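Residue numbers (this note's numbering), protein chains in the order written: chain A, 1265 to 1357; chain B, 5 to 229.
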């Protein structure tokens, strides 16, 4: 028998509301190749940012309330890197 | 059909009965043959595209070829129902043209169950990311109200109310908010008896989410105009 860490999840609250429409527009315009953004408010109220694993890995789910969930992370180091990315971007929202 | 009686004219052989120039007939027949080949390439798919576009009250000549090309470009290797591919392409095409589009309206036509709806949503995600107006509540309200069987004055008032009352930071779907505002408008503002069921049927959504939205704290702050 063996046990290993497979999927690390985290939650974060940035302390205020997030306008997802503006955030989506900004991320799409940035045309970054490091992540793929997906937001369809008719289907799900959150915005998905899926990192492709080159620089960062995992997926972020961002909600209007200011809560951010990070999922699909394999190592604690990746989690910390993702957290840094959120910190660097949070002043734009 | 004219059984041509040709005479030699300046431009070539011309039929004295119908005025047809023989050369033109040849060119016309060649073109129509090419068109036929193009259509025969996937006639089943093409007719499905036209059928779905007609049900969505969209112009077939404007969109049919583009939808066909998009399927070839992005979705040809995927194994799923062709109707789902068509639905995803139509949604992307309309959204990228700067128009709002209701996903439920397309899903209602091309999906037979919940799994199909999930597949349709996944297919939409394959297309390149672009600014979409399908998330914009005022543009979406214009679209939804155009389908609704309300009076013109009511539609204008609901549109105004949507722009002022819709909560930017509310997690409810924009369609739920529009339906909730419409219900509130008829009940509180107009004192009319309009059932939530009939409003939700107009917008192709269930009553549950609208009912929850109407009990949400931000609705309590609304005042009749």
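Just so it is clear, CB atoms sit at the ideal spot from N, CA and C, and this is done for glycine as well.
If you're wondering where the values come from, they're calculated on a predicted model, not measured in any experiment.
Could you tell me which chain B residues have their CB closer than 7 Å to the CB of residue i, listed as they occur along the chain?
| i | result |
| --- | --- |
| residue 1301 of chain A | 133 |
| residue 1307 of chain A | 107, 125 |
| residue 1318 of chain A | Chain B residues near residue 1318 of chain A: none, gap ~17 Å exceeds 7 Å. |
| residue 1333 of chain A | Ordered by position in chain B, no residue passes the 7 Å Cβ test against residue 1333 of chain A, which lies about 13 Å from the chain. |
Going straight from the alpha carbon of residue i to that of residue j, what length do you get?
| i | j | result |
| --- | --- | --- |
| residue 53 of chain B | residue 1341 of chain A | 49 Å |
| residue 111 of chain B | residue 117 of chain B | 9 Å |
| residue 40 of chain B | residue 219 of chain B | Any answer about residue 40 of chain B is weak, because its pLDDT of 47 lies below 50 and its placement is not dependable; what the coordinates show is given next. Taking the straight line from one Cα to the other gives about 58 Å. |
| residue 1348 of chain A | residue 1273 of chain A | 15 Å |
| residue 1295 of chain A | residue 136 of chain B | 15 Å |
| residue 79 of chain B | residue 123 of chain B | 12 Å |
| residue 1351 of chain A | residue 1332 of chain A | 11 Å |
| residue 36 of chain B | residue 108 of chain B | Unreliable positioning characterises residue 36 of chain B in this predicted model, as indicated by a pLDDT of 46, which lies under 50. A coordinate reading is not provided. |
| residue 1353 of chain A | residue 1287 of chain A | 10 Å |
| residue 120 of chain B | residue 88 of chain B | 7 Å |
| residue 72 of chain B | residue 90 of chain B | 8 Å |
| residue 1330 of chain A | residue 172 of chain B | 12 Å |
| residue 82 of chain B | residue 1313 of chain A | 23 Å |
| residue 105 of chain B | residue 208 of chain B | 13 Å |
| residue 133 of chain B | residue 50 of chain B | 26 Å |
| residue 1328 of chain A | residue 1279 of chain A | 11 Å |
| residue 1269 of chain A | residue 70 of chain B | 47 Å |
| residue 144 of chain B | residue 1265 of chain A | 54 Å |
| residue 223 of chain B | residue 125 of chain B | 30 Å |
| residue 1326 of chain A | residue 64 of chain B | 38 Å |
List the DSSP bridge partners of residue i.
| i | result |
| --- | --- |
| residue 1315 of chain A | A/1299, A/1322 |
| residue 1331 of chain A | A/1277 |
| residue 1337 of chain A | A/1272 |
Where do the ends of the beta strand (DSSP E) carrying residue i lie?
| i | result |
| --- | --- |
| residue 1276 of chain A | 1272-1277 |
| residue 77 of chain B | Segment: none, residue 77 of chain B is in no beta strand (DSSP E) and carries neither H nor E. |
Residues of chain B with a CB under 8 Å from the CB of residue i: which are they?
| i | result |
| --- | --- |
| residue 1329 of chain A | 173, 175 |
In chain A, which residues lie less than 7 Å from residue i when you measure between Cβ atoms?
| i | result |
| --- | --- |
| residue 129 of chain B | 1302 |
Run through chain B and tell me which residues come within less than 9 Å of residue i, C-beta to C-beta.
| i | result |
| --- | --- |
| residue 1271 of chain A | Chain B residues near residue 1271 of chain A: none, gap ~21 Å exceeds 9 Å. |
Let's see if you can read the secondary structure: which residues bound the alpha helix (DSSP H) around residue i?
| i | result |
| --- | --- |
| residue 114 of chain B | 107-114 |
| residue 211 of chain B | 211-218 |
| residue 2 of chain B | Residue 2 of chain B lies beyond the residue range present for chain B, which begins at 5 and ends at 229; the question has no answer from this structure. |
| residue 103 of chain B | No alpha helix (DSSP H) holds residue 103 of chain B; DSSP gives it neither H nor E. |
| residue 183 of chain B | 178-188 |
| residue 146 of chain B | 141-151 |
| residue 225 of chain B | Note, residue 225 of chain B: premise wrong, no alpha helix (DSSP H); not H, not E. |
| residue 168 of chain B | 156-169 |
| residue 120 of chain B | 118-128 |
Exercise for the section: Mind checking the region 133-160 of chain B against chain A and listing, in chain order, the residues whose C-beta falls within less than 9 Å of any C-beta there? Expected result: 133, 134, 135, 136, 138, 139, 140, 141, 144
Handout entry: Contact list for the region 1285-1300 of chain A against chain B, Cβ threshold 9 Å
Key = 1285, 1288, 1289, 1291, 1292, 1293, 1295, 1300
Practice task
Would you list, in chain order, the members of the region 170-201 of chain B that have their beta-carbon closer than 8 Å to a beta-carbon of chain A?
Solution key: 172, 173, 174, 175, 176, 177, 178, 179
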